[in-house]
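For reference, the structure is listed below as structure tokens.
2 protein chains.
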Amino acid sequence: MSETELRVADDDSQLDADDRLRPEFVDAVLDAVEAGHAEEARALVEPLHPADIADLFELTPEDRRAALAAALADLLDADVFAEMNDYVREDVIDTLDARQVADIASELDTDDAVAIIEDLDADEQREVLRAMEPDDRAAIEEALSYPEESAGRLMQRELIAVPEHWTIGDTIDFLRGSEELTTDFWEVFVVDPAHRPVGTVALSWILRTPRSVAIADVMQREQTLIPVDMDQEEVALRFQKYALISAAVVDASGRLVGMITVDDVVHIIQEEAGEDTLKLAGAGDGDINEPIAVTVRTRVAWLVVNLGATMLSASVVGLFQGEIARFALLAALMPIVSALGGNAGTQTLAVVVRALATNQLTSSNTARMLFREFRVAIFNGAALGTVGALGSYVILGNAGLSTVFALSMIFNSIVAGLVGVVVPVALDKANVDPAVSSAVFVTTITDVMGFFSFLGLATLWGLGH
Amino acid sequence: MSETELRVADDDSQLDADDRLRPEFVDAVLDAVEAGHAEEARALVEPLHPADIADLFELTPEDRRAALAAALADLLDADVFAEMNDYVREDVIDTLDARQVADIASELDTDDAVAIIEDLDADEQREVLRAMEPDDRAAIEEALSYPEESAGRLMQRELIAVPEHWTIGDTIDFLRGSEELTTDFWEVFVVDPAHRPVGTVALSWILRTPRSVAIADVMQREQTLIPVDMDQEEVALRFQKYALISAAVVDASGRLVGMITVDDVVHIIQEEAGEDTLKLAGAGDGDINEPIAVTVRTRVAWLVVNLGATMLSASVVGLFQGEIARFALLAALMPIVSALGGNAGTQTLAVVVRALATNQLTSSNTARMLFREFRVAIFNGAALGTVGALGSYVILGNAGLSTVFALSMIFNSIVAGLVGVVVPVALDKANVDPAVSSAVFVTTITDVMGFFSFLGLATLWGLGH
Numbered sequence: 001m002s003e004t005e006l007r008v009a010d011d012d013s014q015l016d017a018d019d020r021l022r023p024e025f026v027d028a029v030l031d032a033v034e035a036g037h038a039e040e041a042r043a044l045v046e047p048l049h050p051a052d053i054a055d056l057f058e059l060t061p062e063d064r065r066a067a068l069a070a071a072l073a074d075l076l077d078a079d080v081f082a083e084m085n086d087y088v089r090e091d092v093i094d095t096l097d098a099r100q101v102a103d104i105a106s107e108l109d110t111d112d113a114v115a116i117i118e119d120l121d122a123d124e125q126r127e128v129l130r131a132m133e134p135d136d137r138a139a140i141e142e143a144l145s146y147p148e149e150s151a152g153r154l155m156q157r158e159l160i161a162v163p164e165h166w167t168i169g170d171t172i173d174f175l176r177g178s179e180e181l182t183t184d185f186w187e188v189f190v191v192d193p194a195h196r197p198v199g200t201v202a203l204s205w206i207l208r209t210p211r212s213v214a215i216a217d218v219m220q221r222e223q224t225l226i227p228v229d230m231d232q233e234e235v236a237l238r239f240q241k242y243a244l245i246s247a248a249v250v251d252a253s254g255r256l257v258g259m260i261t262v263d264d265v266v267h268i269i270q271e272e273a274g275e276d277t278l279k280l281a282g283a284g285d286g287d288i289n290e291p292i293a294v295t296v297r298t299r300v301a302w303l304v305v306n307l308g309a310t311m312l313s314a315s316v317v318g319l320f321q322g323e324i325a326r327f328a329l330l331a332a333l334m335p336i337v338s339a340l341g342g343n344a345g346t347q348t349l350a351v352v353v354r355a356l357a358t359n360q361l362t363s364s365n366t367a368r369m370l371f372r373e374f375r376v377a378i379f380n381g382a383a384l385g386t387v388g389a390l391g392s393y394v395i396l397g398n399a400g401l402s403t404v405f406a407l408s409m410i411f412n413s414i415v416a417g418l419v420g421v422v423v424p425v426a427l428d429k430a431n432v433d434p435a436v437s438s439a440v441f442v443t444t445i446t447d448v449m450g451f452f453s454f455l456g457l458a459t460l461w462g463l464g465h
Numbered sequence: 001m002s003e004t005e006l007r008v009a010d011d012d013s014q015l016d017a018d019d020r021l022r023p024e025f026v027d028a029v030l031d032a033v034e035a036g037h038a039e040e041a042r043a044l045v046e047p048l049h050p051a052d053i054a055d056l057f058e059l060t061p062e063d064r065r066a067a068l069a070a071a072l073a074d075l076l077d078a079d080v081f082a083e084m085n086d087y088v089r090e091d092v093i094d095t096l097d098a099r100q101v102a103d104i105a106s107e108l109d110t111d112d113a114v115a116i117i118e119d120l121d122a123d124e125q126r127e128v129l130r131a132m133e134p135d136d137r138a139a140i141e142e143a144l145s146y147p148e149e150s151a152g153r154l155m156q157r158e159l160i161a162v163p164e165h166w167t168i169g170d171t172i173d174f175l176r177g178s179e180e181l182t183t184d185f186w187e188v189f190v191v192d193p194a195h196r197p198v199g200t201v202a203l204s205w206i207l208r209t210p211r212s213v214a215i216a217d218v219m220q221r222e223q224t225l226i227p228v229d230m231d232q233e234e235v236a237l238r239f240q241k242y243a244l245i246s247a248a249v250v251d252a253s254g255r256l257v258g259m260i261t262v263d264d265v266v267h268i269i270q271e272e273a274g275e276d277t278l279k280l281a282g283a284g285d286g287d288i289n290e291p292i293a294v295t296v297r298t299r300v301a302w303l304v305v306n307l308g309a310t311m312l313s314a315s316v317v318g319l320f321q322g323e324i325a326r327f328a329l330l331a332a333l334m335p336i337v338s339a340l341g342g343n344a345g346t347q348t349l350a351v352v353v354r355a356l357a358t359n360q361l362t363s364s365n366t367a368r369m370l371f372r373e374f375r376v377a378i379f380n381g382a383a384l385g386t387v388g389a390l391g392s393y394v395i396l397g398n399a400g401l402s403t404v405f406a407l408s409m410i411f412n413s414i415v416a417g418l419v420g421v422v423v424p425v426a427l428d429k430a431n432v433d434p435a436v437s438s439a440v441f442v443t444t445i446t447d448v449m450g451f452f453s454f455l456g457l458a459t460l461w462g463l464g465h
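Residue numbers (the UniProt record's numbering), protein chains in the order written: chain E, 1 to 465; chain U, 1 to 465.
Written as structure tokens, this is what we have:
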């Protein structure tokens with residue numbers, strides 16, 4: 001195997017087969033730092049990619065990060081900070097003075113610099129900005145004037161824009177002549193005299209077209225423009241839908257103000273797609289590096305709401321105390337009916353929330369989706385009801401109980417399928433994030449209907465007498 | 001506003017503010033098709049981006065897709081199929097003959113052609129391949145020889161590779177001279193005589209470097225190579241971690257066999273990140289276009305497993321029938337204790353599953369994570385226990401019952417926090433996907449421990465007497 005392959009091969013000494021830092025490696029670095037051998041720690045870390053150095057900090061316990069940062073000071077360049085988890089970065093940035101932070105931010109593209117500076121306190125932010133060059137400062141201050149999580153925060157100002165009347169040759173000469181263009185770019189934007197984008201040219205087209213051809217003749221006129229105030233989630237969906245590599249960002253008057261590249265969007269796609277899991281569970285950001293007080297607060301709020309909801313379903317059980325006292329077996333079987341409803345409802349909910357998030361479920365197909373889930377629920381309810389009825393009959397030998405058990409399972413399965421669609425769709429229409437709020441409604445309804453249908457049918461059947 | 005902006009602006013007549021096709025537009029097209037006005041339907045659809053035409057088919061009910069495909073035959077080009085959902089594509093492909101499918105596949109890059117052909121039945125596959133040009137066929141047959149969801153399926157063979165001894169000028173001349181290179185590319189790969197990659201050059205570097213410079217002097221030697229048999233999820237993580245635009249794919253002997261570009265990976269990142277939500281809920285692929293029989297089968301399997309698990313916890317309740325018969329209020333409160341545990345466990349589980357999937361939780365920080373969740377669980381358990389105890393005391397006025405209620409909630413919260421970490425981490429170590437199998441273990445444990453601790457403490461306290 002050649003040397004270049006070895007760098008990424010699985011027998012690389014710092015990384016395991018999944019590209020994660022080996023725990024022995026992390027321990028070796030931290031031990032060297034603790035023993036005061038900063039030199040040794042630096043030698044170990046030096047060969048790492050910036051993304052892996054960032055990971056090293058994330059894997060280091062909070063109380064040892066300052067010492068690690070001090071030991072590795074020379075290696076902590078802008079690229080490492082750009083790759084770091086927000087909370088961990090804040091930790092490490094806290095160990096630096098404003099001058100150092102300003103130097104790091106100056107080396108980065110606007111979007112990465114903004115990511116570092118936006119998390120600072122107002123005081124620190126002012127100090128860092130004051131320590132920066134006026135040009136860099138102005139760019140960052142402008143970016144900070146856009147709402148959080150908007151295209152304006154995500155874009156970089158560094159881009160290549162050329163006038164319509166240029167030729168391919170003009171463009172290549174311009175690029176060769178500009179020493180300052182240190183950033184990577186994949187497309188050139190063509191603008192009109194008012195600096196409004198009129199087309200884009202992929203670099204591969206520039207390279208393959210004779211110098212004399214006018215750029216306006218090879219540019220692609222169909223472009224996807226991103227309004228500067230667009231939410232980053234919408235930006236990500238647009239990049240994904242139209243398979244973009246980069247896109248022009250325009251202000252309200254249509255002027256080109258920045259560029260977003262796909263590598264900045266990949267993180268967002270991953271985060272936005274993954275956060276539904278966390279939201280459905282009521283786990284907030286679910287970042288394992290967030291301060292524990294934030295975690296407790298987020299989760300307690302959700303648990304209290306759920307506690308209230310379960311108390312509601314408990315009160316349904318309370319209505320049937322007489323029947324339960326006479327026939328305590330009801331208390332053993334009733335949680336099965338509500339759990340089945342909860343599980344079935346969660347299945348439907350997960351599918352619907354994903355379909356809403358990816359724009360696959362729209363008003364055009366909601367009715368079809370509802371009917372689809374209704375049919376699935378009937379099948380599933382019948383299957384589970386049969387299994388449950390036979391199982392309970394074999395164990396308990398009470399035909400009436402087993403019949404009531406099966407009927408309430410079928411009923412609750414249908415309820416689960418319907419509310420699993422209706423609740424998130426209704427919340428989405430009301431502009432409430434369905435991933436955050438649906439679960440508690442759906443499980444409360446399936447709990448209440450589960451208890452009520454089972455205990456109610458049992459009462460009608462005379463099981464408690 | 002200029003014309004180009006209007007194409008993507010929110011007042012565009014076919015799309016709503018979220019880039020989704022408006023239901024009125026979908027209806028207008030389908031009505032035209034039904035009325036036999038194919039011409040009118042084509043006129044409506046013609047201005048759409050291929051990704052939106054693909055969406056139109058996804059939003060069309062299954063039984064009307066064939067008629068739509070027939071009416072829009074001229075507009076159904078390769079790009080539309082490349083953007084279409086797998087199940088919907090199969091539907092539409094079924095309406096075409098092998099010759100037509102072969103023509104479409106021939107126009108696509110290998111990866112997109114493979115995506116279409118890999119879903120066909122073996123017979124259809126053979127027929128389509130036979131109808132293709134030998135070159136195209138060979139490329140696709142080779143791709144099909146790699147495992148599903150591997151880099152070999154994902155890569156395209158169309159790429160630019162140049163020898164080390166070339167200059168920038170040689171490279172530009174080569175690109176200008178090659179008429180056939182219709183695909184987009186963003187980097188050029190430099191290979192040694194054995195066709196093994198030794199470096200990459202971003203196109204922006206080629207454009208900005210004088211013609212006389214040797215390519216070996218500007219190429220980036222540090223490259224991230226993708227083994228051809230690597231799983232697509234690993235490929236996606238690697239793209240994300242190292243912010244790649246494209247990457248070389250190498251075979252076992254290190255030779256360059258293909259290229260993966262970020263736009264192909266974006267779909268995977270989105271799918272892989274989103275599928276944890278579906279897996280945790282036991283909803284399988286959760287694709288709203290999958291055949292209903294597949295949906296029923298996937299979900300029933302999960303529900304039956306959960307039914308078994310709830311029967312286990314029901315049997316714990318059964319042990320305390322005597323106490324419940326004497327004091328039926330226990331039956332009303334016990335689901336609250338188990339639900340709290342289930343909710344708290346699911347929160348921890350969601351966080352841990354995300355952290356495992358994004359390589360943030362490794363052996364280096366598992367112990368720290370466990371301790372972190374333990375502390376969160378104590379706080380949350382104490383808070384919820386206090387609220388629950390006060391609430392139940394106000395309503396029921398039984399100090400003993402409220403004490404037992406609070407103690408069992410604290411206990412179950414701690415159990416939930418611990419199993420929420422231990423179960424997914426242990427499954428991950430055993431190479432079982434924690435997103436698929438964790439939930440049933442965690443909720444079963446919190447159910448059993450919830451019922452057992454509450455009813456057990458109630459018995460010890462003598463509440464049933």
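From the three backbone atoms N, C-alpha and C, an ideal C-beta is built for every residue, glycine too.
For A247(E), there is no enclosing alpha helix (DSSP H); the residue is part of the beta strand (DSSP E) that begins and ends at S246 to V250. The CB of W186(E) comes closer than 9 Å to the CB of W186, A202, L203, S204 and I245 in chain U, given here in chain order.
Listed in chain order, the non-local C-beta contacts of L278(U) below 8 Å within the same chain comprise G284, D285 and G286, local neighbours out to five positions each way being set aside. Put simply, the CB of P210(U) is near chain E, with a gap under 9 Å to one of its CB atoms.
If you look at V228(E), you'll find it isn't in any beta strand (DSSP E); DSSP assigns it neither H nor E.
For Q321(E), a Cβ of chain U is located within less than 9 Å of the residue's own Cβ. An exposed status is given to F371(U), since fewer than 16 other beta-carbon atoms sit within 10 Å of its beta-carbon.
Nearest C-alpha to D112(U) among D136(U), E39(U) and L96(U): D136(U). In this structure, the CA atom of H165(E) is about 31 Å from the CA atom of L159(U).
Taking a beta-carbon distance threshold of 9 Å, N431(U) does not count as an interface residue toward chain E. Interface residue (Cβ-Cβ distance to chain U less than 9 Å): R368(E) is classified as such. In the structure shown, I172(U) adopts helical secondary structure according to DSSP, grouped into three states.
Residue nearest to E62(U) within the set D74(U), E24(U), F81(U) and Y87(U) is Y87(U) (criterion: CA-CA distance). In the DSSP assignment, V432(U) falls outside any alpha helix (DSSP H), carrying neither H nor E. Taking a beta-carbon distance threshold of 9 Å, R354(U) counts as an interface residue toward chain E. The continuous beta strand (DSSP E) containing I260(E) extends over residues L256 to T261. Identification of chain U residues near P23(E) by a Cβ-Cβ cut-off of 8 Å yields T362, S363 and S364, ordered along the chain. The beta carbon of V436(E) sits closer than 7 Å to the beta carbons of K279 from its chain, once the five residues preceding and following it are set aside; these are given in chain order. For G318(U), the chain E residues whose Cβ falls inside 8 Å of its Cβ are L329 and A332, in order along the chain. Legend: CB atoms of the region 32–65 of chain U lying less than 7 Å from CB atoms of chain E belong to residues H49, A51, E58, L59 and P61. In this chain, the beta strand (DSSP E) harbouring P197(U) covers P197 to A202. Pairwise C-beta distances place the region 318–329 of chain U out of contact with the region 422–432 of chain E, as fewer than three of them are shorter than 8 Å. Under the DSSP assignment, V213(U) falls outside any beta strand (DSSP E); it carries neither an H nor an E label.
Taking 9 Å as the CB threshold, G400(U) stays off the interface with chain E. Nearest CB-CB separation between W461(E) and chain U: not below the 9 Å threshold.
With respect to A32(U), E40(U) sits close: the two C-beta atoms are nearer than 9 Å.
Annotation: the continuous alpha helix (DSSP H) that includes E107(E) extends over A98 to E107. Contact annotation: the region 166–179 of chain E touches the region 198–216 of chain E, with at least three C-beta pairs closer than 8 Å. Per the coordinates, the alpha-carbon of G345(U) lies some 22 Å from the alpha-carbon of G450(E). Distance from the CA atom of V352(E) to the CA atom of P434(E), rounded to whole angstroms, is 9 Å. Of all residues in the region 97–121 of chain U, none places a beta-carbon less than 8 Å from a beta-carbon of chain E. Judged by DSSP in its simplified three-state form, A325(U) adopts helix. Excluding its 5 nearest sequence neighbours in each direction, A357(E) has C-beta neighbours in its own chain below 8 Å: E272, A273, D276 and A435, listed in chain order.
T346(E) sits in a helix when the DSSP states are folded into three classes.
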